[in-house]
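A.B. asks:
Residue numbers (our numbering), protein chains in the order written: chain A, 1 to 164; chain B, 165 to 328.
If you want it as structure tokens, here you go:
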């Protein structure tokens with residue numbers, strides 16, 4: 001295996017493990033728990049779930065892998081903070097969106113050959129990319145994996161809430 | 165730049181940005197806030213700070229970069245859960261340990277040439293490494309970066325606690 005193949009596997013492994021951790025957590029949490037705040041006065045679980053879907057949707061554009069699947073979520077869960085928009089999708093809808101999106105991203109990611117992960121993403125110009133070759137597609141996976149873990153640490157606090 | 169140089173920069177950039185985010189948060193939080201629980205009945209901030217130092221200490225061994233700096237933290241913040249050990253270092257001590265450790269790791273990380281990040285870490289055998297070349301030193305940085313972000317998302321909840 002070349003270093004290129006090894007590192008693409010390493011980064012995609014971290015992404016997939018993080019998605020699996022989120023899947024497992026979503027299975028354990030009830031719809032009611034997801035509606036709760038992660039801590040007093042902080043974001044609700046449902047907001048963070050919608051936020052993750054909105055952020056991952058934007059990855060499709062950045063990676064030049066097609067159109068966003070749920071563009072209507074951007075205003076609710078990305079542009080605005082929690083509680084700013086009164087009417088939002090319910091937990092069951094968001095669970096279904098999450099699953100569909102993960103499946104779609106998984107298919108698209110598998111289609112890309114290791115070397116192509118080092119091509120530029122769509123938010124960087126060809127001129128910039130000459131001097132900033134780290135602004136590539138693989139870096140989108142890396143930064144969104146750390147973003148997912150950040151919110152996963154918060155969502156994890158929703159579990160066993162009654163025991164606290 | 166080769167793909168090897170690019171990816172080492174990408175991963176170390178994510179590590180350094182995560183450490184900086186933690187530094188900024190620690191500056192904003194008072195000692196009293198760090199003593200608080202991140203959510204009702206959950207880990208205290210001080211436990212997570214000690215936990216991160218203990219985990220990062222173990223990186224020195226895994227990366228074959230020397231001895232642990234604060235081995236006494238392992239039992240308190242890694243082997244045991246929060247509140248299991250009554251006598252723990254205070255917040256000021258842990259703040260000082262954190263800074264010293266970040267400086268030390270930063271010096272050691274800069275000394276390693278890009279290609280050497282793809283060498284095996286110390287917890288994998290030479291035989292295993294033949295078939296599992298992703299179990300390299302760079303992967304230690306990658307997995308500890310996602311671990312840091314997970315707890316950073318939780319520690320962030322300590323801020324503006326009075327406003328909630």
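Even glycine gets a Cβ: it sits at the ideal position worked out from N, Cα and C.
Measuring straight from C-alpha to C-alpha, what distance separates residue 300 of chain B and residue 284 of chain B?
C.D. replies: Each residue's alpha carbon lies about 4 angstroms from the other.
A.B. asks: Please report the straight-line C-alpha distance between residue 198 of chain B and residue 295 of chain B, rounded to a whole angstrom.
C.D. replies: Using only the alpha carbons, I get a separation of about 44 angstroms.
A.B. asks: Assuming residue 118 of chain A contacts residue 270 of chain B (C-beta within less than 8 angstroms), just tell me the rounded distance between them.
C.D. replies: Rounded, the Cβ-Cβ distance is 26 angstroms, inconsistent with contact.
A.B. asks: So, do the stretch 36-48 of chain A and the stretch 3-12 of chain A have three or more beta carbon pairs nearer to each other than 8 angstroms?
C.D. replies: Not touching, per the Cβ criterion.
A.B. asks: May I ask which residues mark the beginning and end of the alpha helix (DSSP H) holding residue 8 of chain A?
C.D. replies: From DSSP, the alpha helix (DSSP H) with residue 8 of chain A extends over 3-28.
A.B. asks: Could you check where the alpha helix (DSSP H) with residue 246 of chain B kicks off and where it finishes?
C.D. replies: Per DSSP, residue 246 of chain B belongs to no alpha helix (DSSP H) and is neither H nor E.
A.B. asks: Using the C-alpha atoms, what's the distance from residue 111 of chain A back to residue 322 of chain B?
C.D. replies: The straight-line gap from Cα to Cα measures roughly 42 angstroms.
A.B. asks: For a contact meaning CB atoms closer than 7 angstroms, what does residue 289 of chain B contact in chain A?
C.D. replies: Those do not exist, as residue 289 of chain B stays about 18 angstroms from chain A at its closest Cβ, beyond 7 angstroms.
A.B. asks: Please list the partners that residue 203 of chain B has in chain A, where partner means a Cβ-to-Cβ separation under 7 angstroms.
C.D. replies: The answer, in chain order, is 38, 39 and 157.
A.B. asks: Which residues of chain B have a Cβ atom closer than 7 angstroms to the Cβ of residue 7 of chain A, listed in chain order?
C.D. replies: The answer, in chain order, is 171.
A.B. asks: Which residue's Cα is closest to the Cα of residue 220 of chain B: B:320, B:169, B:298 and B:264?
C.D. replies: Taking only the C-alpha atoms, the option nearest residue 220 of chain B is B:264.
A.B. asks: Can you tell me whether residue 206 of chain B is helix, strand or coil according to DSSP?
C.D. replies: Three-state DSSP puts residue 206 of chain B in coil, outside helix and strand.
A.B. asks: Please go through the stretch 130-158 of chain A and give each complete alpha helix (DSSP H) segment of 4 or more residues, from N-terminal end onward.
C.D. replies: Taking only runs of at least 4 residues, the alpha helix (DSSP H) segments lying wholly in the stretch 130-158 of chain A are 137-155.
A.B. asks: Verify the CB distance criterion: does residue 11 of chain A have a CB-CB separation below 9 angstroms to chain B?
C.D. replies: Output row for residue 11 of chain A: interface = yes.
A.B. asks: Hey, is residue 118 of chain A's beta-carbon within less than 9 angstroms of any beta-carbon in chain B?
C.D. replies: So yes, residue 118 of chain A belongs to the interface.
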